[in-house]
Amino acid sequence: MRLRSLEGRLTLLLALAALTGALVYIGVTEWPLPQILAWMQDALPHTAFARPSRMGVVIICAAVLLPLSWWLGHIVMEPVKRLLRALESAVASYRDGDFSISIAQNRRDELGDLIHMHNELGQTLREQRQNLAQRELLLDTVVQNTPVALVLTDANGRVAYANIAARHLFNEGRSLNGLHFASLIEDAPEALRKAIEGTEDALFSVEMDGSEETFHLSQRAFRLQGRPHRLQLFRRMTRELSRQEVAAWKRVIRVVSHELNNSLAPISSLAHSGAELARRGDVQRLPGVFATIGERARHLHGFIDGYARFAKLPAPRVAAVQWRPFLDALALHCQFQLHGKVPAQPGWFDAVQIEQVLINLIKNAHESGSAPDGVTLALSTIGHELRIEVADRGPGMSEAVLAQALLPFYSTKRSGTGLGLALAREISEAHGGRIALANREDGGLRVTLVLPQTSAAG
């Protein structure tokens, strides 16, 4: 046991108190109080100085020991009280986020060890706070200066965080914090509002500053501090799509050039051989030469025709379309499950073009790996718009594929021409509508055609 420890000091004080009590008792009962009383009795014979009784001894001892005990208790507890007050102030500072408090260390007992540990804890918290502040500053700088518009909303739909790009996109550069996000987009283009109202990733185009701007919306729901939040990322895809479109056309030109060379070179060679045979008068071999030239020409014509159909897509001949005959004819070409009710009023579109679009989309849905009964077709009318949704239960699309899926000639298949979704986009836009792609929450892809139905409604 160390003498400088609290236990050692308390032991010494208790021993001192016990010794003091014994000395007081001896002084009252043995010496010097009895001798003093006897001397006073002799000096003053007419005055009675009796020895105190047992009760008097107890009272005298208590009168002497109680002040002494209070003084010793004060000596023991005063440092503890000062330390407790200092710890209380430090804890209050920690609660307020101030970790700069430290306690002077001038003791070598258990309280000194406690003070040392407290100061080390404060130093650790200060370093962690500084590192966290630096990381938060770095993260905020990156997020604020990214070209992707970021909006974080709480359970009530109010904006909890938004970066600079989001402020410029939705509020002319002003702060969005605390505002109701739904009220901010009330006057926004309908395609943007439809995408935000959904809960899935989407690719959509809107009219901005006199030109068409394409966005990719990524949405995630999570809990922050135990409360539900929603994170939305708006990425401008116009430049990327334009770059990919140019790359796609270059790829097409290379493919067409390669195919032309593969066909024209043999045709040129055979034409030269035929001319030579004709000059020699060997007419028996000429039919074979002409047949080969014709076969290569037909192959080249069939190849070019597939691409020419995309470039020469005629303007849609919009007319009223009865749903039951249209769906029966579509069912002859592909298998699908019809979800929901068929609209009571007829559709208003080019039946041949829309049928070709749906055949391509349903075929893609089957090729995605979805079960046959997972490929669905749904029809609905909202206001003056017709929504045609083709959905599957395949793996869906990654963000990279989703952003490029509508490009002409883009395909994830090795031998595919990539005309399906691009043709669907071209036909829907020719009708004055739009197309949107979105991954489903429970797996799969949903392709939505939105077509105006003004004439049909009228």
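If you want this note's numbering, it's the position in the sequence shown, counting the first as 1, plus 196.
C-beta: ideal position from N, C-alpha, C; glycine also.
Since the model is a prediction, treat every value here as computed from it, not as a measurement.
Between the alpha carbons of R325 and F430 lies a distance of about 32 Å. Contact check for L534 against L554 fails: the beta carbons are separated by 8 Å or more. When only Cα atoms are considered, E491 and N457 end up about 15 Å apart. By the C-beta density criterion, S249 is exposed, having fewer than 16 other C-beta atoms within 10 angstroms.
The Cβ-Cβ distance between T577 and P539 falls below 8 Å. Annotated three-state conformation of T216 is helix, per DSSP. Between the alpha carbons of R621 and R630 lies a distance of about 7 Å. In this structure, the straight-line span from the alpha carbon of F377 to that of T349 is close to 8 Å. In the structure shown, the three-state DSSP call for W227 is coil. Excluding sequence positions up to five before and after V339, its CB lies within less than 8 Å of the CB of L346, N359, all in the same chain and listed in chain order.
Boundaries of the beta strand (DSSP E) around E409: 407-420. In this structure, G640 lies near G592, with their beta-carbon atoms less than 8 Å apart. Partner residues in the beta bridge of T644, as assigned by DSSP, are E585, A632. Relative to R281, the option among W267, A300, D294, P263 whose CA is nearest is A300. Check the Cα spacing between E625 and each of F418, S296, V402: the tightest is with V402.
Going by DSSP, G394 is part of no beta strand (DSSP E) at all; its letter is neither H nor E.
The residue from D383, L388, R354, E386 with its alpha-carbon nearest to that of L372 is R354. According to the DSSP assignment, R481 belongs to no beta strand (DSSP E), since it is labelled neither H nor E. Note: V347 is bridge-paired with A358, Q428 in the DSSP secondary-structure output. If you draw a straight line from the Cα of N635 to the Cα of T395, it is about 10 Å long.
By the beta-carbon neighbour count (other beta carbons within 10 angstroms, threshold 16), F418 is exposed. Rounded to whole angstroms, A356 and E637 show a C-alpha spacing of 24 Å.
In the structure shown, the three-state DSSP call for G490 is helix. Within the same chain, and ignoring the five residues on either side of L645 in sequence, the residues whose Cβ sits closer than 6 Å to its Cβ are I584, S624, I631. The segment 248-264 makes contact with the segment 215-233, as at least three CB pairs between them are under 8 Å. In this structure, the alpha-carbon of P462 lies about 14 Å from that of S453.
Going by beta carbons, E581 and Q649 fall inside the 8 Å limit. Rounded to the nearest angstrom, the gap between the Cα atoms of P230 and L215 is 20 Å. When DSSP states are grouped into helix, strand and coil, A398 belongs to the strand group. Where Q533 is concerned, the enclosing beta strand (DSSP E) starts and stops at 533-535.
Taking the C-beta atoms as reference points, P275 is found nearer than 8 Å to L307.
Under the three-state reduction of DSSP, F545 is assigned to strand. Per DSSP, I578 is one residue of the beta strand (DSSP E) stretching across 572-578.
Rounded to the nearest whole angstrom, the CA to CA distance from S469 to R450 is 28 Å. Comparing C-alpha distances from R304 to each of G204, K559, G477 shows the shortest one belongs to G204.
In this structure, I500 lies away from L466, with their beta-carbon atoms at least 8 Å apart.
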